[in-house]
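I have placed the structure first, in the form of structure tokens, so that the comments after it can refer back to it.
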Amino acid sequence: TPLALSGAGSAGPQLRNLARFMREYTSISAQVRPRSPHRRFTNRALLDDPIHFLLQGLPRPHADSSSVARAHRHPFRPEPLTHFSPTELRLLGDYLRGGGLLYIEGGPPYLGEMFAHLRRAFDDSVHMIQLPASHPVYHAYYHFKNGFPGERKEADSSSSHPRGYPLGLWGVEIDGEVAAIFSDLPLLGRLHLPANYFKEAVSRSRPPLNALANIVAYGMTRSRGLTAREPLPLWTRINNTSP
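First residue of the sequence shown? That's 2 in this note's numbering, and the numbers climb one at a time after it.
Here you go:
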């Protein structure tokens with residue numbers, strides 16, 4: 002379901018392009034609901050989706066951006082990039098506890114804010130972990146031995162905080178399983194697949210598309226996920242090669 006929340010969402014063409022790629026190039030029949038994007042995470046129908054994508058976007062005005070609120074900000078304090086109401090945070094918590102998956106992509110300040118929102122949703126009881134190369138997300142459809150494009154799991158293992166903020170995929174666990182994936186890799190946000198030359202664009206963007214296929218496959222096959230499970234997913238029988 003497309004989302005256009007305050008500073009985060011998936012209302013652009015990237016989500017539909019990804020779904021088309023999944024249908025035409027993999028054995029996963031991914032669909033995007035044909036409706037206008039939700040502007041708040043308050044509709045309980047959103048709890049039925051196995052995965053939601055929250056890309057960094059332009060912030061929208063909200064209640065805290067009134068002239069009174071701005072008057073109490075000192076001039077050196079940056080405006081927040083995102084905003085979630087208490088109602089939205091409660092529903093996000095319900096979504097993750099119920100088996101949903103969040104994929105959150107953007108720059109370090111945005112990712113930091115989104116992690117702070119999740120901490121509030123779970124009363125500070127969650128923490129972030131770096132995903133090892135053995136994590137199922139790297140092998141859910143295609144096999145990435147050393148991380149997704151832009152990652153170097155073997156090289157990064159010797160340095161706990163490269164570039165001041167760890168590059169690549171990190172996750173938040175709920176009940177022992179990763180339920181929110183944080184990424185500063187430009188996998189989905191910069192995806193551009195024009196309909197009039199879709200095949201040519203796919204061939205140029207295949208590495209990030211393969212990584213995104215893994216994220217979708219992980220969201221659909223995780224043990225606590227919201228997708229109806231098959232005894233053995235078809236792609237485990239027909240696809241066993243690295244990209």
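Yeah, the Cβ is synthetic: ideal placement off N, Cα and C, and Gly gets one too.
Please return the same chain residues whose Cβ sits closer than 7 Å to the Cβ of L112, not counting the five positions on each side in sequence. I105, F183 and D185
Residue range of the unbroken alpha helix (DSSP H) whose run includes Y96: P87 to R98
Excluding the 5 residues flanking H118 on each side, which residues of the same chain have their C-beta closer than 8 Å to its C-beta? T83, F85, L90 and L93
Please report the residue range of the alpha helix (DSSP H) in which G113 lies. Going by DSSP, G113 is part of the alpha helix (DSSP H) stretching over P109 to A122.
Extent of the continuous alpha helix (DSSP H) run through Y26: Q15 to Y26
Have a look at the DSSP bridge pairing and note the partners of I130. G172
Return the bridge partner residues of I52 from the DSSP annotation. L102
Using a Cβ-Cβ distance under 7 Å, would G100 count as near chain D? No chain D is present in this structure, which holds just one protein chain.
Keeping to the same chain, check which residues put their C-beta closer than 6 Å to that of T27; ignore five residues upstream and five downstream. So the qualifying residues of the chain are A214.
G169 beta carbon less than 7 Å from that of E152: yes
How about A9 and L48: are their beta carbons less than 7 Å apart? no
Nearest-angstrom Cα separation, counted from R225 out to G1: There is no way to answer for residue 1, as the model of the chain reaches only from 2 to 244.
Does the Cβ of L19 have 16 or more other Cβ atoms within 10 Å, making it buried, or fewer, making it exposed? buried
Note the first and the last residue of the continuous beta strand (DSSP E) segment covering A181. E178 to S184
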